[in-house]
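**Q** Numbering-wise (the working numbering), the sequence shown opens with residue 1 and increments by one. Just so it is clear, CB atoms sit at the ideal spot from N, CA and C, and this is done for glycine as well.
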Amino acid sequence: MAKQARAVQTWRSIVDAAASVFDDYGYERAAISEILRRAKVTKGALYFHFASKEAIAQAIMDEQTSTVDFAQEGSPLQSLVDGGQQFAYALRHNSMARAGTRLSIEGVFLGGPHPWGDWIDATAGMLELGKERGEVLPHVDPMVSAKIIVASFTGIQLISEADTGRADLREQVAEMWRHILPSIAHPGVIAHIKPEGRVDLAAQAREKAEQAEREAQEIAAAAEAARGAATAGRSGGSAARGTREQPGGEGADEPAGASAGGRI
1 MAKQARAVQT WRSIVDAAAS VFDDYGYERA AISEILRRAK VTKGALYFHF
51 ASKEAIAQAI MDEQTSTVDF AQEGSPLQSL VDGGQQFAYA LRHNSMARAG
101 TRLSIEGVFL GGPHPWGDWI DATAGMLELG KERGEVLPHV DPMVSAKIIV
151 ASFTGIQLIS EADTGRADLR EQVAEMWRHI LPSIAHPGVI AHIKPEGRVD
201 LAAQAREKAE QAEREAQEIA AAAEAARGAA TAGRSGGSAA RGTREQPGGE
251 GADEPAGASA GGRI
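(1) Nearest to E175 by alpha carbon, out of E196, I14, L137?
(2) I believe R6 touches S20 by the beta-carbon criterion, under 8 angstroms. Please report the beta-carbon distance rounded to the nearest angstrom.
(3) Note down, in chain order, each residue of its chain lying with its Cβ closer than 7 angstroms to the Cβ of E73, except the 5 sequence neighbours on either side.
(4) Which same chain residues, not among the five before or five after F153, have their C-beta less than 7 angstroms away from its C-beta?
(5) Can you tell me the Cα-Cα spacing of K43 and A18, whole angstroms?
(6) Can you find the residues in the same chain that come closer than 7 angstroms, C-beta to C-beta, to M126, ignoring five residues on each side of it along the sequence?
(7) Mind checking V150: buried by the 16 CB within 10 Å criterion, or exposed?
(8) What would DSSP say about V140, mapped onto helix, strand or coil?
(9) Count the other C-beta atoms from every protein chain shown that fall within 10 angstroms of the C-beta of G188, then say buried if there are 16 or more, exposed otherwise.
(10) Look up R6 in the DSSP assignment and say whether it is helix, strand or coil.
(11) Got a sec? Which residues, its chain only, sit under 8 angstroms from I159 by beta carbon, not counting five neighbours each side?
(12) Taking the alpha helix (DSSP H) that T65 falls in, what are its first and last residues?
(13) Taking DSSP's pairing of strands, which residues face A185 in a bridge?
(14) Secondary structure at K53, three-state DSSP: helix, strand or coil?
(15) Going straight from the alpha carbon of I14 to that of W116, what length do you get?
(16) With DSSP collapsed to three states, give me the class of V193.
(17) To the nearest angstrom, report how far apart T10 and D16 are at their CA atoms.
(18) Report all residues from its chain with a CB closer than 6 angstroms to the CB of K40; omit the five preceding and five following residues, and keep chain order.
(19) Assign S104 to buried or exposed, taking buried as 16 or more other Cβ atoms, counted over all protein chains shown, within 10 Å of its Cβ.
(20) Return the residue from the list A59, R29, I190, L46 that minimises the CA-CA distance to E135.
(21) Below 8 angstroms between beta carbons: does that hold for A146 and I180?
(22) For L36 and F87, I'd like the C-alpha separation in whole angstroms.
(23) Quick one: Cα of T101 to Cα of A225, how far?
(24) By DSSP, does Q157 sit in helix, in strand, or in coil?
(25) Which stretch, first to last residue, makes up the alpha helix (DSSP H) that contains V81?
(26) Measure the C-alpha to C-alpha separation of I60 and G165 and round it to an integer number of angstroms.
(27) Counting C-beta neighbours from all protein chains within 10 Å, is the total for A185 16 or more, i.e. buried, or is it exposed?
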């Protein structure tokens with residue numbers, strides 16, 4: 001259990017450090033040495049978890065979708081809008097989201113699934129749920145619309161990054177929804193959708209950060225407890241061997257190296 005906790009902590013440190021490096025430098029210029037420096041791990045520890053830089057990049061692209069939660073209850077379209085705004089917020093405040101997006105845009109497919117596939121599938125799933133609940137128009141093809149939405153978001157965030165460093169991204173995404181919703185949603189539903197999102201994104205981000213910090217502390221505490229138990233076990237074994245080797249009586253309690261006269 002202790003080894004597993006340490007392994008999880010090391011994996012997390014490597015991925016988080018690599019995300020910041022890929023975010024800063026892109027895939028080609030990202031150096032393993034810089035990832036090691038930021039992660040504060042050895043080369044052996046890194047290669048125990050990842051066979052190559054490509055494997056680390058793939059882990060980041062796989063993980064970036066975890067920055068968004070599509071709520072299944074309530075309005076599917078509002079949940080879809082909220083998810084887009086969550087990711088817009090993450091692109092400003094989360095290096096994992098930025099790194100995954102940059103790697104995807106740079107075309108680092110690494111022989112794995114298409115980097116936009118998870119986003120398209122998740123979006124199509126919410127649109128399909130919207131059709132089932134009567135929010136999405138009957139003629140809408142969820143997969144076609146999902147590709148248009150993901151492509152639109154990608155282009156908008158790139159322009160926002162170039163124009164304002166993504167400072168206006170939330171409003172730009174809201175404008176995207178104001179243009180797209182009339183083509184996919186029933187008119188009566190649109191009036192109830194908030195294109196800017198209904199979630200306090202800053203509070204949500206703080207909650208996620210606090211949860212991540214608690215999990216990291218739990219992992220660190222488990223690893224520390226395991227190290228303490230291992231040290232105690234070794235000390236106990238040494239003491240037991242020393243007691244067996246010493247003669248009985250008062251002299252058995254003397255410090256190692258003490259003479260009968262008490263000289264050290």
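**A** With the structure as the only source:
(1) Ranking the options by Cα distance to E175, first place goes to E196.
(2) At roughly 22 angstroms, the Cβ-Cβ gap does not stay under 8 angstroms, so R6 and S20 are not in contact.
(3) none
(4) G84, V173, M176
(5) The alpha-carbon of K43 is positioned some 13 angstroms away from that of A18.
(6) Spatial neighbours of M126 in its own chain (CB-CB distance under 7 angstroms, excluding positions within 5 residues in sequence) are listed in chain order as F70, P76, S79, L80.
(7) buried
(8) coil
(9) exposed
(10) Residue state, collapsed to three classes: helix.
(11) Q172
(12) Element bounds for T65: n/a, residue is neither H nor E.
(13) Per DSSP, V136.
(14) helix
(15) 23 angstroms
(16) What sits at residue 193 in the sequence shown is Ile, not Val. In this structure, I193 counts as coil in the three-state DSSP scheme.
(17) 10 angstroms
(18) Take K40, set aside five residues on each side of it, and no residue of its chain has a beta-carbon closer than 6 angstroms to its own.
(19) Buried, since its Cβ has 16 or more Cβ neighbours within 10 Å.
(20) It is I190 whose Cα lies nearest to the Cα of E135.
(21) no
(22) 28 angstroms
(23) Between the C-alpha atoms of T101 and A225 there is a straight-line separation of about 38 angstroms.
(24) helix
(25) 76–93
(26) 22 angstroms
(27) buried
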